[in-house]
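Engineer: Line by line, the protein sequences give chains D and X. So in the numbering used here, spot 10 of the first sequence is number 10, and the numbers just go up one at a time. So in the numbering used here, spot 89 of the second sequence is number 89, and the numbers just go up one at a time. Please read through the structure below; I'll follow up with questions.
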Amino acid sequence: MALDKKLISLTDEELIKEFQDNNTIDAYEILVRRFKDPLMNFVFRFVGDRDVSTDIVQDTMIKFYLNKDSYKSIAKFSTWIYTIAGNLAKNELKRRGRRSMVSISNSDDDDFTLQIEDKKFIAPDRAADNEIKSKIVQDALLKVKTIYREMIVLRDIEGFSYEEIVEMTGISIGTVKSRINRGRAHLQKLLKNIYEV
Amino acid sequence: MEKNNNIGNEEKEFEKLQTLLKELPKVNTPDNFEYNLMTKIQNKNFEIKSEKKKNIFYWVYAPTFALVASVVIVFIIFTDKGVDTEDPWGIQPKLRPEIQSEETLNYDIQLEEEANSKPATNKMNNFDKGKTSAQIQDPNIKRNNLSVNKSSQPPYPFNKSESVDLDKLLNTEEVSSPTDGISQSHLAGQNDASESQFKGFFIRQKEAEAKKESLRIREDSLKQFYDSTKNK
């Protein structure tokens, strides 16, 4: 499908405006192409399941298609679409939480979490392997509380500024910073074996 | 400035961690992602899996439904009590006053006969049991006028052969406060007894008044009897 070259050169905000005003499906497709992978990465780091993440990203895109008029040009398009994806991901996690009453990953008890970490302990020489390393990081990330995890993923993985995170989550900048720090501290504790390498 | 320094220190503290997180491999959508999405949109298959609207609806409105239901039940219970209904199985049928007086008369006669059959020495004992029988035994005592006359007087304050508007009849003062000493009307829409067995509708009357009247009659009789025995 050949997309209009003119449209490709447009910014995200211009594209959504084009889609809103003229219902140009090409503009929508360009936005989907631009954001599908970053959203997938964000949702996967947040949820930890590839198939579920794919579904969530698809639902995000459908919501974007259906509710295109709810976007206001005062905000950045990326902020808006990440907010939708984040909310859907949180809903999914809540649903999972209801299904499985006992969740080790959301436990506040650090000692208990560390015990599990010890069981899965991988020798440092093996941990050097990138794939395994990323697996360990991902597992550790999923053990961090949801509210902290969201912040870490947005800030340290997706690289958003504090202001953008404030806009996405609707909480104060102080809370955002404190949550990021707490999340990082917890994650660092969980990943102490990797740092020793 | 201090705040910025603090933030800088915190960033440094977690520098390794941040590097580690940034080094994480990027996860991409599957190849058929766009195709599936566009197919869904073209087919208008917009079912969003990550949302459950049914559950939300149920939990939000459940307390409201419960409240409304309880209010309705309470309302029905209390309004039902307010309505003046008669339980045909629970109420004893009331006797019409004229029948009631007739019955009293019959009862008196019966007692009289009983008293006659007994010896004269038991007279005083009979005073306590059947006061009216003693009245009859004594030739000086007559039944008071009220009890005798009542049965002979016409109890109906309207024309028997004509139909009667009950509401109108009950609302008019003439009927509700009769001047001829007869108690309030008891039967309405009555036909002649010779034509049919139907005696007419029974109009609700305060029970207390009828009882009071019968008691008063008895009291009068007793007084008269007592006076006569005293004089003797």
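Glycine is no exception: its CB is placed at the ideal position from the N, C-alpha and C atoms. Please read these numbers as outputs of a predicted model, since none were measured by experiment.
So, with DSSP's three-state summary, where would you put F234/X?
Structural biologist: A query on residue 234/X cannot be resolved here, the shown segment of chain X reaching from 1 to 232 and no further.
Engineer: Pick out whichever of I165/D, I171/D, R155/D, S172/D has its Cα sitting closest to the Cα of R198/D.
Structural biologist: Summary: the structure shown does not reach residue 198/D, with chain D confined to residues 1 through 197, and so no result is reported for it.
Engineer: Indicate whether at least one CB of chain D lies closer than 7 Å to the CB of I91/X.
Structural biologist: Contacts with chain D at 7 Å (Cβ-Cβ) do not include I91/X.
Engineer: Which residues in the same chain have their Cβ closer than 6 Å to the Cβ of Y226/X, if we skip the five residues on either side of it in sequence?
Structural biologist: none
Engineer: I'd like the span of the alpha helix (DSSP H) that includes E164/D, first residue to last.
Structural biologist: 162 to 169
Engineer: Would K26/X pass as an interface residue toward chain D - the criterion being a Cβ-Cβ separation below 7 Å?
Structural biologist: yes
Engineer: Taking only beta-carbon atoms, is I77/X less than 7 Å away from chain D?
Structural biologist: No, because no Cβ of chain D sits closer than 7 Å to the Cβ of I77/X.
Engineer: Put F201/X into one of helix, strand or coil per three-state DSSP.
Structural biologist: strand
Engineer: Can you give me the C-alpha to C-alpha distance between K5/D and L31/D, rounded to a whole angstrom?
Structural biologist: Rounded to whole angstroms, K5/D to L31/D spans 14 Å at the Cα level.
Engineer: With a cut-off of 7 Å, does the C-beta of K67/X fall near any C-beta of chain D?
Structural biologist: Correcting the residue type first, residue 67/X is Leu in the shown sequence and not Lys. Closer than 7 Å: no.
Engineer: Look up F46/X in the DSSP assignment and say whether it is helix, strand or coil.
Structural biologist: coil
Engineer: Is the separation between the beta-carbon of N36/X and that of D37/D shorter than 7 Å?
Structural biologist: no
Engineer: Would a check of beta-carbon distances place Y65/D closer than 7 Å to chain X?
Structural biologist: yes
Engineer: In this structure, how does DSSP classify T132/X when only helix, strand and coil are distinguished?
Structural biologist: In this predicted model, T132/X has a pLDDT of only 47, less than 50, meaning its place in the structure is not dependable; the value taken from the coordinates is given anyway. In the structure shown, T132/X falls within a helical segment according to DSSP collapsed to helix, strand and coil.
Engineer: Would you kindly check if the distance between the Cβ of K63/D and the Cβ of Q20/D is under 7 Å?
Structural biologist: no
Engineer: Looking at chain X, which residues of the stretch 177 to 193 of chain D have a Cβ within less than 9 Å of any of its Cβ atoms?
Structural biologist: Using a CB distance below 9 Å, the part of the stretch 177 to 193 of chain D facing chain X consists of K177, I180, N181, R184, A185, L187, Q188, L191, ordered along the chain.
Engineer: Find the residues of chain X that neighbour M40/D, judging by a C-beta separation of less than 7 Å, and give them in chain order.
Structural biologist: V27, N28, T29
Engineer: Alpha carbon to alpha carbon, how far is I73/X from V200/D? Give it in angstroms, no decimals.
Structural biologist: No answer is possible for residue 200/D: it lies beyond the span of chain D, which begins at 1 and ends at 197.
Engineer: List, in chain order, every chain X residue whose beta-carbon is nearer than 9 Å to that of S172/D.
Structural biologist: In chain order: nothing, as chain X lies at least about 15 Å away.
Engineer: Please list the partners that I41/X has in chain D, where partner means a Cβ-to-Cβ separation under 8 Å.
Structural biologist: I62, Y65
Engineer: Using a Cβ cut-off of 8 Å, pull out every chain D residue sitting near E34/X, in sequence order please.
Structural biologist: E29, V32, R33, K36
Engineer: In this structure, how does DSSP classify P30/X when only helix, strand and coil are distinguished?
Structural biologist: coil
Engineer: Return the CA-CA distance between I25/D and M168/D, expressed in angstroms with no decimal places.
Structural biologist: Rounded to whole angstroms, I25/D to M168/D spans 26 Å at the Cα level.
Engineer: Rounded to the nearest angstrom, what separates N38/X and T60/D at their Cα positions?
Structural biologist: Note on identity: in this sequence residue 38/X is Met, with Asn being the wrong assignment. Approximately 13 Å, taken between the alpha carbons.
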